[in-house]
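Peer 1: Throughout the sequence shown, residue numbering follows my numbering, covering 88 to 544 in sequence. Attaching a single structure in structure tokens format; questions to follow.
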Amino acid sequence: MTPDGERDAAVLMEDERIVAVKSASEVSAEISLDDLGEIALIPGLVDVHTHLNEPGRTEWEGFATGTRAAAAGGFTTIVDMPLNCLPETTDVRALELKREAARGQAMVDYALWGGAVDGNQQELEPLALEGVAGFKCFLIYPGCDGFTEIDRANLELAVPHIARTGLPLLVHAELAGPIDAAVARLNASDADWRKYATYLASRPDEAELEAIAMLLDLCRAHRFRLHIVHLSTAKALPMIRAARMEGLPMTVETCPHYLHCTAEEIPDGATLFKCAPPIRSAENREQLWRALMEGEIDLIATDHSPCPPGMKRLTATAPGEEAGRFDEAWGGIPSLSTALSVLWTECAVRGIPLTKLMEWVSNTPAKMAGLSAHVGAIAPGMHANLVAFDKEATFTLAPEHLHYRHAISPYMGETLRGVVRSTWLRGEKVYENREGRVTLADTPRGREYALSCSLPR
Ligand code: ZN
Numbered sequence: 088m089t090p091d092g093e094r095d096a097a098v099l100m101e102d103e104r105i106v107a108v109k110s111a112s113e114v115s116a117e118i119s120l121d122d123l124g125e126i127a128l129i130p131g132l133v134d135v136h137t138h139l140n141e142p143g144r145t146e147w148e149g150f151a152t153g154t155r156a157a158a159a160g161g162f163t164t165i166v167d168m169p170l171n172c173l174p175e176t177t178d179v180r181a182l183e184l185k186r187e188a189a190r191g192q193a194m195v196d197y198a199l200w201g202g203a204v205d206g207n208q209q210e211l212e213p214l215a216l217e218g219v220a221g222f223k224c225f226l227i228y229p230g231c232d233g234f235t236e237i238d239r240a241n242l243e244l245a246v247p248h249i250a251r252t253g254l255p256l257l258v259h260a261e262l263a264g265p266i267d268a269a270v271a272r273l274n275a276s277d278a279d280w281r282k283y284a285t286y287l288a289s290r291p292d293e294a295e296l297e298a299i300a301m302l303l304d305l306c307r308a309h310r311f312r313l314h315i316v317h318l319s320t321a322k323a324l325p326m327i328r329a330a331r332m333e334g335l336p337m338t339v340e341t342c343p344h345y346l347h348c349t350a351e352e353i354p355d356g357a358t359l360f361k362c363a364p365p366i367r368s369a370e371n372r373e374q375l376w377r378a379l380m381e382g383e384i385d386l387i388a389t390d391h392s393p394c395p396p397g398m399k400r401l402t403a404t405a406p407g408e409e410a411g412r413f414d415e416a417w418g419g420i421p422s423l424s425t426a427l428s429v430l431w432t433e434c435a436v437r438g439i440p441l442t443k444l445m446e447w448v449s450n451t452p453a454k455m456a457g458l459s460a461h462v463g464a465i466a467p468g469m470h471a472n473l474v475a476f477d478k479e480a481t482f483t484l485a486p487e488h489l490h491y492r493h494a495i496s497p498y499m500g501e502t503l504r505g506v507v508r509s510t511w512l513r514g515e516k517v518y519e520n521r522e523g524r525v526t527l528a529d530t531p532r533g534r535e536y537a538l539s540c541s542l543p544r
């Protein structure tokens, strides 16, 4: 799968990079060839939204387990989020601690997002100079104390600094107002928090719509690169379309769970499906697919956000506790090992070619994160990050297919299409699945892409 489309070819690699893509008959006889037959060779996937939670919360996930899951899922580059780790990555000292924690542990390559929180605007340019890929912020409580949400006044202080760096600001776009009002209404009417419908009603579309309207306004005034993470409501698409027409420097991502699951199908008590913003209706899902096809949504990221099973409240973990309550369960869906198959299953149903999917999960995310000189395509000069992907094979998802710390998944037991047979990181095979026998590299050789920004040094 090259940037020009799908074709029969030999990919030549040397010293970590791709040196040529040519027809197999042009390859000299001295070069050893690994013939993949009819299996597709795709560029390694790039995930711009991963929560590895290290240092500090390795009982949830970590660089070793999370990047192992990434390699198994066909991801060769991930960009780690600045929260749910301790300390949160909101200043240079915390960035150094994360770098130390990651060193020698990662099975795939990575870059790091910095955090924009209440009052840290003076830390943003130093973080950019130290090589973060950009910044993440929340407009609503992010689920853990320590990474504070910011309001418009605070954003006004932060975005001029971010604009100077030339790096993107990634925003969790939900505002608390509509959510607080909905929750108060639901509690006043004694709503049942084991029902998915209650959770969905507690996070109305308006929370996303109000947040996005405010962000577009700010983007218009300050011209920073705005990236909206995990868009869930299709009702925002007209606003996004208008902003693009206007030429605002913005990008939008959505996630596999919004493109695969529907509110109608989530059983009550099934808190594995809890994430924020929530999974919405089947009709909404179809509109998100249409928006991807039309280029209104730029890319797909996993939002891989694992936690220990107890935090999902699948069973009661303490006396007096009720299992399956959506208000008490942690919001987050782990998916590094499953995202590609989940997405390809949906593409196959809709007749969307694999080359199109590659734009959303490899090429465009690499551009957004500033990594496109190295990753995101099979082309000469790029890092030899490759995945042998059997697009015809199907399998039933079982715990042994998940390589992250806690083998839980909302997709368990589903029949999915597409199997990762091998993953190469900079020319070396780091994962192989031969008829179900899995081999992972013994030595983690993943390294960081520290990025340069537009600030003068
Ligand atoms: Zn996230």
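We put the beta carbon where it would ideally sit given N, CA and C, even for glycine.
Suppose the cutoff is 7 Å on Cβ atoms and the five residues either side in sequence are ignored; what does the same chain contact list for S424 look like?
Peer 2: For S424, where only same-chain residues beyond five positions count, the Cβ hits under 7 Å are A156, A159, G160, H488, L489, H490 and Y491.
Peer 1: Keeping to the same chain, check which residues put their C-beta closer than 6 Å to that of A460; ignore five residues upstream and five downstream.
Peer 2: The answer is none, since no qualifying residue turns up.
Peer 1: Using a threshold of 8 Å, is the CB atom of V166 nearer than that to any non-hydrogen atom of ligand 1?
Peer 2: False, no ligand heavy atom lies under 8 Å from that Cβ.
Peer 1: Give a yes or no on contact between the region 514–524 and the region 380–394, applying the rule of three or more CB pairs nearer than 8 Å.
Peer 2: Judged by Cβ distances under 8 Å, the region 514–524 makes no contact with the region 380–394, as fewer than three pairs qualify.
Peer 1: Mind the definition here: the region 410–428 touches the region 98–114 only if three or more C-beta pairs lie below 8 Å; say whether that holds.
Peer 2: Contact fails: fewer than three Cβ-Cβ distances are below 8 Å.
Peer 1: Any contact between the region 298–308 and the region 434–453? By contact I mean 3 or more CB pairs, one from each, below 8 Å.
Peer 2: Segments in contact, no.
Peer 1: Mapping the DSSP letters down to three states, classify H618 as helix, strand or coil.
Peer 2: Absent from the model: residue 618. The displayed extent of the chain is 88 to 544, so no value can be given.
Peer 1: Output the boundary residues of the alpha helix (DSSP H) element that contains F150.
Peer 2: From DSSP, the alpha helix (DSSP H) with F150 extends over F150 to A159.
Peer 1: For the beta strand (DSSP E) containing Y197, name the first residue and the last one.
Peer 2: Looking at the DSSP string, the run of the beta strand (DSSP E) that includes Y197 is D196 to L199.
Peer 1: Looking only at its own chain, which residues have a Cβ that is under 8 Å from the Cβ of G397, when we skip the five neighbours before and after it?
Peer 2: Once the five neighbours on either side are set aside, the close Cβ partners of G397 are T404.
Peer 1: Below 6 Å CB to CB, which residues in the same chain sit around F311 once its five sequence neighbours on both sides are set aside?
Peer 2: Hits under 6 Å: V246, I249, A250 and L256.
Peer 1: Alpha helix (DSSP H) containing I327: first to last residue?
Peer 2: Start and end: L324 to E333.
Peer 1: Check whether the region 320–335 and the region 374–381 are in contact - that is, three or more C-beta pairs closer than 8 Å.
Peer 2: At 8 Å Cβ cutoff, the stretches touch.
Peer 1: Report yes or no: do three or more beta-carbon pairs, one from the region 226–234 and one from the region 190–198, lie closer than 8 Å?
Peer 2: These segments do not touch.
Peer 1: Given 8 Å as the limit, tell me if D390 has its C-beta closer than that to any heavy atom belonging to ligand 1.
Peer 2: True, at least one ligand heavy atom lies under 8 Å from that Cβ.
Peer 1: Within the region 493–519, note down every full alpha helix (DSSP H) run reaching 4 residues or more, in order along the chain.
Peer 2: Counting only runs of 4 or more, we get nothing.
Peer 1: By Cβ distance below 6 Å, which residues in the same chain neighbour A294 in space, the five residues on each side in sequence not counted?
Peer 2: Around A294: E261, L262, P265 and I266.
Peer 1: Give me the DSSP bridge partner(s) of A350.
Peer 2: Beta-bridge pairing links A350 to no other residue.
Peer 1: Distance, Cα to Cα, F413 vs L287?
Peer 2: Each residue's Cα considered, the two are about 10 Å apart.
Peer 1: Is the beta carbon of D134 sitting closer than 9 Å to the one on I165?
Peer 2: Taking 9 Å as the Cβ cut-off, D134 and I165 qualify as a contacting pair.
Peer 1: Out of K399, T483 and S428, which one is the CA nearest neighbour of H48?
Peer 2: Nothing can be reported for residue 48: it is not among the residues displayed for the chain, which extend from 88 to 544.
Peer 1: Across which residues does DSSP place P255 in a beta bridge pair?
Peer 2: R312.
Peer 1: How about V339: is its Cβ closer than 8 Å to a heavy atom in ligand 1?
Peer 2: The answer is no for V339.
Peer 1: DSSP beta-bridge partners for V525?
Peer 2: Beta-bridge pairing links V525 to N520.
Peer 1: Indicate, with yes or no, if ligand 1 has a heavy atom lying under 8 Å from the CB of V316.
Peer 2: Yes, ligand 1 has a heavy atom inside 8 Å of this Cβ.
Peer 1: Would you say L346 and L484 are within 9 Å of each other, going by their C-beta atoms?
Peer 2: No, the pair does not count as a contact, with Cβ atoms beyond the cut-off.
Peer 1: For Q209, count the other beta carbons within 10 Å of its own beta carbon; 16 or more makes it buried, fewer makes it exposed. Which is it?
Peer 2: By the 10 Å Cβ count, Q209 comes out exposed.
Peer 1: Is the Cβ-Cβ distance between G218 and S541 less than 9 Å?
Peer 2: Contact: no.
Peer 1: When the Cβ atoms of the region 506–513 are set against those of the region 458–475, are three or more pairs found closer than 8 Å?
Peer 2: The region 506–513 is in contact with the region 458–475.
Peer 1: So is A363 buried or exposed if we call it buried at 16+ other beta carbons inside 10 Å?
Peer 2: By the 10 Å Cβ count, A363 comes out buried.
Peer 1: Measuring only the C-alpha atoms, how far is E409 from R281?
Peer 2: Roughly 9 Å between the two C-alpha positions.
Peer 1: Do C394 and G411 have their C-beta atoms closer together than 9 Å?
Peer 2: Not closer than 9 Å, so no.
Peer 1: Counting Cβ pairs, one atom from each stretch, are 3 or more of them under 8 Å apart for the region 498–508 and the region 134–144?
Peer 2: Cβ pair count under 8 Å is below three, so no.
Peer 1: Could you name the residues of the same chain whose beta carbon sits closer than 6 Å to that of I353, not counting the 5 residues immediately before and after it, in chain order?
Peer 2: So the list reads Y283 and F360, once near-sequence residues are dropped.
Peer 1: How about H344: is its Cβ closer than 8 Å to a heavy atom in ligand 1?
Peer 2: Every heavy atom of ligand 1 is 8 Å or more from the Cβ of H344, so no.
Peer 1: Return the residue from the list V448, A271 and K443 that minimises the CA-CA distance to C342.
Peer 2: Measuring from the Cα of C342, the nearest candidate turns out to be V448.
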